[in-house]
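Protein chains in written order, with the working numbering: chain A, 1 to 322; chain B, 323 to 644.
Built from N, CA and C at the ideal position, the CB exists for glycine as well.
In this text, all values refer to a predicted model and were calculated from it rather than measured experimentally.
Here the structure is laid out as structure tokens; the discussion comes afterwards.
Protein chains: 2
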Amino acid sequence: MVLGQIYAGTKKELKTIEKYLEMALEAPHPLLHEAGLELLRAGGKRIRPMLALMASRYGDPGRPEVSVSAVMLELIHMASLVHDDVVDNSELRRGRPTVKAKWDNRVAIFTGDYIFACAIKLISAFDHPEAHRQISRVIRDLSLGEIDQIRHLRNWKQNLRTYLRRIKRKTAILMALSCQLGAMAAGCDTSLSRKLYYYGYFLGMSYQITDDILDFVGNERQLGKPAGSDLRNGNITLPVFYALRNPELHDAIVSVLTEAEPSDDDWDDVIGKIRDSQAIEEAQSLSDRYLRKAEGILDELPDQKVTGLLREMTAYVGERKY
Amino acid sequence: MVLGQIYAGTKKELKTIEKYLEMALEAPHPLLHEAGLELLRAGGKRIRPMLALMASRYGDPGRPEVSVSAVMLELIHMASLVHDDVVDNSELRRGRPTVKAKWDNRVAIFTGDYIFACAIKLISAFDHPEAHRQISRVIRDLSLGEIDQIRHLRNWKQNLRTYLRRIKRKTAILMALSCQLGAMAAGCDTSLSRKLYYYGYFLGMSYQITDDILDFVGNERQLGKPAGSDLRNGNITLPVFYALRNPELHDAIVSVLTEAEPSDDDWDDVIGKIRDSQAIEEAQSLSDRYLRKAEGILDELPDQKVTGLLREMTAYVGERKY
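This is the structure:
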């Protein structure tokens, strides 16, 4: 399943979203304006707005709140990426220099804050206390997820539950909210919106696990950054948890994480070992379990054309290569 | 006028605010919890909640939205301080290590984001689109003010208008909103809330100019950081603008700002010269003009006891020494 085919079903709306994003990021400040444009140009899959748009088809997708929610969700995502790049010390994202690399950490902080503020501005479009609560919760969870990540950097003794909670906060909750908010904005009832929330949650968990797998099995061109970047930065992801259960790999990983300055060869060696190990398949299997849960939710949804699109989305997440 | 006397008039409410702040900052994460407590312990004048509480007395101060707005305003202020300290590279605030100093820049970013999220959570208490618009505007302006500051670091050629816009965004708008929101939360009409907005705005402009003066004339114990820290960090404040008009001072300032690594003696010398110059009085005089405008607004407000308190607040800002 290619994402382009799924996009085809929401092409017109997504084009509108892109225009709205540009409008929302218009800033009375040359530096911010440039940083915003750079972020837009860098692209991205716009998965969150797309989920919102798809979910809205269970209600009235023509309501103005629908596109507002889609834009807001992408802005929250963009703002958190800008801040994440500072925390992760990332120089590149999707093969382009990050805001923190092109300018510096300080500019990245306030560009992120500015984009958050643009997102918050759009919240007022929702006359729905539950939506407000959920939006503030997701922003809170995003920061908790990142703080968790900092806290557990290079900590190979953390348990799997810590990892799952972290990706839930970092990724799954925002995807869950994207589905829920799209439905709420379209006037769907609470029960249906709630189901879509869980669909997005399970999809998001699988999406992040896939990301973490691709970080090992992808090549630098696909990833836009060196393979194994997560581990190099001390971020212990699912494949590493499974690899740590293998005694030989365990010692190699612990050694590279605790050495003061491991060489590039040391890193390449460990990353290669994890890539070629059982750990990748095991991670894939957990990702698949989440996808099956997402599919289970779809079975409970009304049998409409959009349910088919969401099925294709699930298939895409299961097969995506970058 | 001592701030304590003014506080006496809102003592009970402020104590409640302090308790709510602690509740709002409760975090399901040891590091965040500690950072939040550290910020609360570091204290602060709680000027923004106090302004909101005072403004609320023009309406019904017993409405629950009043204390919610007061807490939210202080949270926005705290979050922006945490991010500012990264941008300003501040190790100390009020004599205590900043979050970025005690942990690091990355923790500071996400602690700030977390506190912003806590503030946003409280926004949902307001069933008032104008309030939402204003709150998102103030968050946007805070980030614009800081980005402006970064952009104009060490730029001695910037004009005074740039400075005034910067302090408006960094300080005055949030104080203006504090007054306006307190009134709106208490059910005051638009016209009265608007007047209080302007009172807060003029007060805030004077407040920030006073801050910028104190940075030169205060001593390290009062300031909790070395005198002249703003200029040392490249931040050109009002006294520097006036000092630059004096040819001898102009050359000394430009030289210290453009030298690759000026010595501590060079800095102390320039800062001492500015402190002993006419520039301080000139800055004071602009601050006083803003205060007189604030007083002018008070003349238009209903003749209530609280108007007297706001008058005392104005006097305090005009005379404060730290």
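Residue i, enclosing alpha helix (DSSP H) - first and last residue
i         : result
ASP141(A) : 129-151
ILE271(A) : 264-275
CYS501(B) : 495-507
CYS440(B) : 427-445
ILE602(B) : 600-622
PHE202(A) : 190-217
GLY4(A)   : 3-8
PHE448(B) : Element bounds for PHE448(B): n/a, residue is neither H nor E.
TYR342(B) : 333-346
THR559(B) : Looking at the DSSP string, THR559(B) is not in any alpha helix (DSSP H), and its letter there is neither H nor E.
HIS29(A)  : First-last for HIS29(A): undefined, no H or E at that position.
GLU542(B) : 542-545
GLY381(B) : Here GLY381(B) belongs to no alpha helix (DSSP H), and DSSP marks it neither H nor E.
PRO569(B) : 569-580
LEU631(B) : 627-641
ARG368(B) : First-last for ARG368(B): undefined, no H or E at that position.
LEU482(B) : 482-489
Euclidean distance between Cα positions of residue i and residue j
i         : j         : result
LEU464(B) : ASP303(A) : 47 Å
ALA507(B) : TYR201(A) : 36 Å
SER67(A)  : ARG292(A) : 29 Å
HIS351(B) : ALA101(A) : 29 Å
LEU298(A) : ALA315(A) : 12 Å
ALA294(A) : VAL408(B) : 41 Å
GLY326(B) : ASN477(B) : 39 Å
LEU579(B) : ALA70(A)  : 46 Å
ALA117(A) : ASP533(B) : 26 Å
SER263(A) : HIS152(A) : 22 Å
ASN557(B) : GLN471(B) : 7 Å
LYS547(B) : THR420(B) : 11 Å
ASP265(A) : VAL82(A)  : 30 Å
ILE173(A) : GLY296(A) : 18 Å
SER287(A) : ASP189(A) : 29 Å
LYS45(A)  : LEU14(A)  : 11 Å
GLY358(B) : ARG543(B) : 24 Å
MET400(B) : LEU486(B) : 22 Å
TRP589(B) : ARG106(A) : 24 Å
GLY187(A) : LEU203(A) : 23 Å
PRO386(B) : ILE445(B) : 13 Å
Best match in the options for proximity to residue i [C-alpha to C-alpha]
i         : options                                    : result
TYR290(A) : ILE280(A), MET205(A), LYS102(A), ASP215(A) : MET205(A)
LEU177(A) : THR190(A), LEU196(A), ARG63(A)             : LEU196(A)
LYS121(A) : LEU51(A), ILE76(A), ASN155(A)              : ILE76(A)
GLU647(B) : ASN555(B), GLN502(B), ALA565(B)            : Chain B is shown from 323 up to 644; residue 647(B) falls before or after that span and cannot be answered.
MET497(B) : VAL460(B), LEU347(B), ARG476(B), ARG473(B) : VAL460(B)
TYR520(B) : ALA505(B), ASP533(B), LYS333(B)            : ALA505(B)
LYS12(A)  : ARG41(A), GLU38(A), LEU53(A), ALA24(A)     : LEU53(A)
CYS501(B) : ARG363(B), ALA439(B), MET394(B)            : MET394(B)
ARG275(A) : GLU38(A), LEU231(A), GLU18(A)              : LEU231(A)
GLU26(A)  : ALA119(A), ASN105(A), GLU65(A)             : ALA119(A)
SER607(B) : ASP410(B), GLY331(B), ILE531(B)            : ILE531(B)
GLU604(B) : THR559(B), ARG363(B), GLU581(B), LYS627(B) : THR559(B)
GLU360(B) : TRP425(B), ASN411(B), ASP410(B), PRO386(B) : TRP425(B)
Which residues DSSP lists as bridging residue i, in chain order
i        : result
ARG93(A) : ARG96(A)
Original post:
Can we say the segment 157-164 of chain A touches the segment 82-98 of chain A, given the rule of at least three CB pairs closer than 8 Å?
Top reply: In short, these stretches do not touch, since the Cβ pair count stays below three.
**OP:** Examine the Cβ distances between the segment 106-124 of chain A and the segment 52-59 of chain A and report whether three or more of them are shorter than 8 Å.
**Re:** Too few Cβ pairs lie closer than 8 Å, so no.
Original post:
Can at least three beta-carbon pairs, one atom from the segment 161-173 of chain A and one from the segment 242-251 of chain A, be found at a separation below 8 Å?
Top reply: Counting C-beta pairs with one atom in each stretch, the segment 161-173 of chain A and the segment 242-251 of chain A have fewer than three that are closer than 8 Å, which means they do not touch.
**OP:** Taking 8 Å as the threshold, find out whether the segment 122-130 of chain A comes into contact with the segment 445-457 of chain B through three or more Cβ pairs.
**Re:** Contact between the segment 122-130 of chain A and the segment 445-457 of chain B is present: three or more C-beta pairs spanning the two stretches fall below 8 Å.
**OP:** Inspect the CB distances between the segment 263-280 of chain A and the segment 208-221 of chain A and report whether three or more fall short of 8 Å.
**Re:** Contact holds: three or more Cβ-Cβ distances are below 8 Å.
**OP:** Kindly confirm or deny that the segment 40-50 of chain A and the segment 347-364 of chain B touch, where touching means at least three C-beta pairs closer than 8 Å.
**Re:** With a cut-off of 8 Å, the segment 347-364 of chain B and the segment 40-50 of chain A do not count as touching, because too few Cβ pairs lie within range.
Subject >> the segment 303-313 of chain A contacting the segment 338-345 of chain B, beta-carbon criterion three pairs below 8 Å >> reply: No: fewer than three Cβ pairs fall under 8 Å.
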